[in-house]
Amino acid sequence: MAKPRILFMGTPAFALPALRLLHEKKYPIIGVVTQPDRPKGRGLKEVAPPVKLLAQEFSLPVFQPVKVKDESFLEVFRKLNPDMVVLVAFGQILPKAIINYPPLKCLNIHPSLLPKYRGAAPLNWQIINGETKTGVSIMIMDEGMDSGNILLQQETPLGDAETFGELHDRLAQLGATMLIKSIEQMANGTAQIKKQDASAVTFAPLLKKETGKIKWNNKSSDIVNLIRGLSPTPTAYTSLEGQILKIFSAIAQPGKVDQAPGIICSANADILSVAASDGYVILKDIQLAGKKRMLIADFLRGHHIKRGTVLG
């Protein structure tokens, strides 16, 4: 059977491995739909999303509708007449007019073991919540939020030191490989489709600024999971002498603690430990506002931190 004509919809770096692999496998990509360029940085210069840049590298047609539900884009969509839509972290909700159009459906890569962690930030929340396993689901899209039938699912361990950035890259690659298999199954009629268990649904809501604020009266392991789940971005943070201190990496050290949570208990040549409710959090990789990100030993060489200083 001929390979289906695919319209690809995606925006951030997570979508790049899927687009790259479709191109390598010589699937006919009839267009790439991505979010509009956005102002970024201090100069508010317009920056193209990662998917647009890769699509241009492959000389693929790029479309950047403000809203895909607008008739102006739907007219373009119908003219493109895709056999299948592939969506990876696109960033807009698809209307019925798109979801119900392609004969081979709209497929979505979702980085969790659905129905767990439906929503905008599944990678982050799985780490923050201390999960020990994760995975990727290839789903046929419906009008709900990540509620469509599952085509393919693969489980993988979640490392106890793995960060959001590391998991993001690993599952993006896994999802791309699984996507190709799912497309083949849909095209040749061998797909094994199953419904999601509605009784097992959990959610992964959008991250807010407040999400990253460290509460030092939590358990040391919970604090470290928060740091891992937001590293390298948007980053967990606290305050040191009135300045924001971002923390990218830390180690939990449970045990007897005789200091109040948030108090720095040691700050010697290469160790900065902070009291938590059940032990200590050993900071490893940090960034003080206005300074470079650095390992704790380098930071302590240039900053004299007294024992008893309170964070937060």
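Numbering (numbering that gives the first Met the number 0), first residue to last: 0 to 311.
Cβ coordinates follow ideal geometry from the N, Cα and C atoms, glycine included.
- Message: Just to confirm the assignment, what range does the beta strand (DSSP E) spanning Glu45 have?
- Response: Per DSSP, Glu45 belongs to the beta strand (DSSP E) from Lys44 to Val46.
- Check whether the stretch 176-186 touches the stretch 239-259, taking contact to mean three or more Cβ pairs, one atom from each stretch, closer than 8 Å. no
- So what does Ile149 bridge to, in DSSP terms? Met138 and Lys193
- Query: Nearest-angstrom Cα distance between Val31 and Glu70?
  - Reply: 18 Å
- At which residue ranges does the stretch 15-70 contain complete alpha helix (DSSP H) runs of 4 or more residues, listed in the order of the chain? Listed in chain order, they are 15-23 and 49-56.
- Output the boundary residues of the beta strand (DSSP E) element that contains Phe7. Note, Phe7: beta strand (DSSP E), Ile5 to Gly9.
- Message: Using C-beta distances below 8 Å, list every residue in its chain close to Arg292, excluding the 5 sequence neighbours before and after it, in chain order.
- Response: Cβ within range, chain order: Lys245, Phe247, Asp284, Ile285 and Gln286.
- So Met177 is in the alpha helix (DSSP H); what residue range does that whole segment cover? Secondary structure note for Met177: its alpha helix (DSSP H) is the uninterrupted segment Phe163 to Asn187.
- Buried or exposed (CB count within 10 angstroms, at least 16 for buried), Met144: exposed
- Message: Between which residues of its own chain and His109 is the CB-CB distance below 6 Å, once the five residues before and five after are set aside?
- Response: Ser136, Met138 and Asp145
- Measure the alpha-carbon distance for Val280 versus Gly211 and round it to whole angstroms. 16 Å
- What residue does the alpha helix (DSSP H) around Leu299 start on, and which one ends it? Its alpha helix (DSSP H) spans residues Ile295 to Gly301.
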